[in-house]
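Remarks on the structure that follows.
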Amino acid sequence: MDNQKNVPMIELRHVEKHYGDQHVLRDINLSVRKGEVVVIIGPSGSGKSTLCRSIKRLEPIDSGEILLEGEPIPQEGKKLAELRAQIGMVFQSFNLFAHRTVLDNITLAPVDVLKKSRKEVREEALRLLERVGVRDQADKVPAQLSGGQQQRAAIARSLAMHPKVMLFDEPTSALDPEMIQEVLNVIAELAQEGMTMLIVTHEMSFARRVADRVIFMDGGQIVEENTPELFFSNPESQRARDFLNSLHAE
Amino acid sequence: MGLTDLLSKYGSQYFQALLTTWRLTAVSFAGAFLIGILITVARVSPIRPLRIFGDIYVQIFRNIPGAALLILLVYALPYLQIVLPYDVCVTTATVLIPSAFCSEHLMSGMNTISPGQIEAARALGLTFLQMIRRIIIPQALRSSVLPMTNLLVATMLTTSLASQVPMRPRDLTGIVSYINTHDTGGVMAFVISAALYCLTALVIGKIGSLVDRKVRILR
Chain A
996 MDNQKNVPMI ELRHVEKHYG DQHVLRDINL SVRKGEVVVI IGPSGSGKST
1046 LCRSIKRLEP IDSGEILLEG EPIPQEGKKL AELRAQIGMV FQSFNLFAHR
1096 TVLDNITLAP VDVLKKSRKE VREEALRLLE RVGVRDQADK VPAQLSGGQQ
1146 QRAAIARSLA MHPKVMLFDE PTSALDPEMI QEVLNVIAEL AQEGMTMLIV
1196 THEMSFARRV ADRVIFMDGG QIVEENTPEL FFSNPESQRA RDFLNSLHAE
Chain B
50 MGLTDLLSKY GSQYFQALLT TWRLTAVSFA GAFLIGILIT VARVSPIRPL
100 RIFGDIYVQI FRNIPGAALL ILLVYALPYL QIVLPYDVCV TTATVLIPSA
150 FCSEHLMSGM NTISPGQIEA ARALGLTFLQ MIRRIIIPQA LRSSVLPMTN
200 LLVATMLTTS LASQVPMRPR DLTGIVSYIN THDTGGVMAF VISAALYCLT
250 ALVIGKIGSL VDRKVRILR
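In order, the protein sequence lines correspond to chains A and B. 996 is the number of the first residue of the first sequence in this note's numbering; add one for each residue after it. 50 is the number of the first residue of the second sequence in this note's numbering; add one for each residue after it.
Here it is in structure tokens:
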């Protein structure tokens, strides 16, 4: 019944996870279509980041299935590395390789993992750096860049792998306020270009702007799923209302 | 014998001994470095038996006195029908012991790498060995230049074990024993060797801090 077009880019089926006694993911079912931008919001500790990280298998799950274009992502092994490389990820703390230049950070994986030629990769890396606006920082090491510049370089590093989907795990939470916008703009541009994305964020106006769909999580569960218009103007659940009100109160 | 007498009579032999000590040090350190890296990779590998092997290796060679190891190699191995030449025995001891310390330094160098970088490497699809080669070992090495410099000096001092077996040519400690059994060099014979050890250590230390300043990772 599924023809290729209807297979979701990412699909989670009955995903469960515990940290000791804590039930951090409860029967998560979620699918992201090709080209869709899904934003996950929710209070701290609601399981948003864990969900995001579990898709990459950076966190093991207890049970359930995670599929990339209909293909199950295994828990370990060479196949996992292969599928991981097709899912881009941007972290809260940038995680650039401290000992290499910005340019090397971007070329490393395409050369080592995708076995592309250094020359070709280098040219593309410079184009990507241009696109995220840090071309002039290419020969510096990460510590010489501002947080916003580092995060934009990290986005370029992910894009260099030509991922089918991008995951953003609170990409602006570690940034000074004046740098948040420059990073969000890069992400918004990607959204416009049709990149499939799953974004965990606390930036509500940004969520409203880029999301095709908003997912609200609380206590390890998906509590509500809706279009941004409906979710932000008229949330269905009490928990989502409380959460949004607490934000306005600030 | 005074300093001038000693130097005029044994100067060239001291020079030979200095070169021997340098050679032993270089060979031992190179071997220790290589094995140290391999053992460290084993200690962080996803394969449990390898990790256990690496930990046991380090515990053994970090805790055995050099002289004891040398005695085992020279006097115990022949009972197993293994008779090694003296220089091989010495070099084996001066490789194995520093290799354990080398691994310890690398492990502490690794602790300077933020876990996020490892996650990023995994997220990009790097395999364990690619991660080791491209991210972990380079950073661990660059963060452990100063302890490695100390290890190089310690390795040099360990090569004085060579004086405990009839190895030719003699090293800096061996030459003192030779002079004092054939002649009356007294304390001055020791002082010359000590000065040469010190001088070498100073040079090593200086180069080490220069290298450290050059390769240290900005964080």
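Even glycine gets a Cβ: it sits at the ideal position worked out from N, Cα and C.
Classify residue i as buried or exposed, calling it buried when 16 or more other Cβ atoms lie within 10 Å of its own Cβ.
| i | result |
| --- | --- |
| E1125 of chain A | exposed |
| L55 of chain B | buried |
| D220 of chain B | buried |
| G1083 of chain A | buried |
| P1230 of chain A | buried |
| Q1146 of chain A | buried |
| M996 of chain A | Interpretation of M996 of chain A is limited by its pLDDT of 45, a score under 50 that renders its predicted location unreliable; the figure taken from the coordinates is listed afterwards. So M996 of chain A counts as exposed. |
| F1163 of chain A | buried |
| K1051 of chain A | buried |
| G51 of chain B | exposed |
| I1005 of chain A | buried |
| E1184 of chain A | exposed |
| E1115 of chain A | exposed |
| T233 of chain B | exposed |
| Q1017 of chain A | exposed |
| V1097 of chain A | buried |
| V1034 of chain A | buried |
| P95 of chain B | exposed |
| E1224 of chain A | exposed |
On the DSSP bridge list, what partners appear for residue i?
| i | result |
| --- | --- |
| R1208 of chain A | A:V1033 |
| Q1216 of chain A | A:D1213 |
| L1193 of chain A | A:V1033 and A:L1162 |
| P1067 of chain A | A:L1062 |
| L1007 of chain A | A:L1025 and A:I1061 |
| Q1017 of chain A | A:Y1014 |
| M1084 of chain A | A:L1162 |
| N1240 of chain A | None, per the DSSP bridge assignment. |
| N1221 of chain A | A:V1209 |
State yes or no: is the C-beta of residue i within less than 8 Å of the C-beta of residue j?
| i | j | result |
| --- | --- | --- |
| G1015 of chain A | F1238 of chain A | no |
| T69 of chain B | T143 of chain B | no |
| V1027 of chain A | T1222 of chain A | no |
| N1100 of chain A | L1109 of chain A | no |
| L145 of chain B | F177 of chain B | no |
| L1123 of chain A | L1154 of chain A | yes |
| S242 of chain B | I253 of chain B | no |
| V1205 of chain A | A1149 of chain A | no |
| A211 of chain B | L122 of chain B | no |
| V1002 of chain A | E1077 of chain A | no |
| G1143 of chain A | E1177 of chain A | yes |
| A1080 of chain A | L173 of chain B | yes |
| R191 of chain B | R265 of chain B | yes |
| L1020 of chain A | S1039 of chain A | no |
| V1127 of chain A | A1093 of chain A | no |
| L201 of chain B | F64 of chain B | no |
With a threshold of 7 Å, establish whether the CB of residue i neighbours any heavy atom of the ligand SAM.
| i | result |
| --- | --- |
| G165 of chain B | As for the ligand SAM, it is missing from this structure, which has no ligand bound. |
Okay, do the region 127 to 135 of chain B and the region 98 to 107 of chain B touch, 3+ Cβ pairs below 8 Å being the bar?
no
With three or more C-beta pairs closer than 8 Å as the rule, is the region 78 to 93 of chain B touching the region 145 to 160 of chain B?
yes
Does the region 1033 to 1050 of chain A come close enough to the region 1205 to 1220 of chain A to have 3 or more Cβ pairs within less than 8 Å?
yes
Threshold first: 4 residues or longer. Then list the alpha helix (DSSP H) segments lying entirely within the region 176 to 215 of chain B, N to C.
177 to 180, 186 to 191 and 194 to 207
Spell out a yes or no on whether the region 210 to 217 of chain B and the region 1132 to 1147 of chain A are touching, meaning 3 or more CB-CB pairs, one atom from each, closer than 8 Å.
no
Can you confirm whether the region 1008 to 1024 of chain A touches the region 1053 to 1060 of chain A when touching is taken to mean that 3 or more C-beta pairs between the two stretches lie within less than 8 Å?
yes
Whole runs of the alpha helix (DSSP H) within the region 118 to 178 of chain B, excluding any shorter than 4 residues
135 to 159 and 164 to 172
Kindly provide the ranges of any beta strand (DSSP E) runs that are 3 or more residues long and lie completely inside the region 1092 to 1168 of chain A, ordered along the chain.
1160 to 1164
At a Cβ cut of 8 Å, what residues of the region 150 to 174 of chain B count as close to chain E, listed as they run along the chain?
In the structure shown, chain E cannot be found, because the protein chains are A and B.
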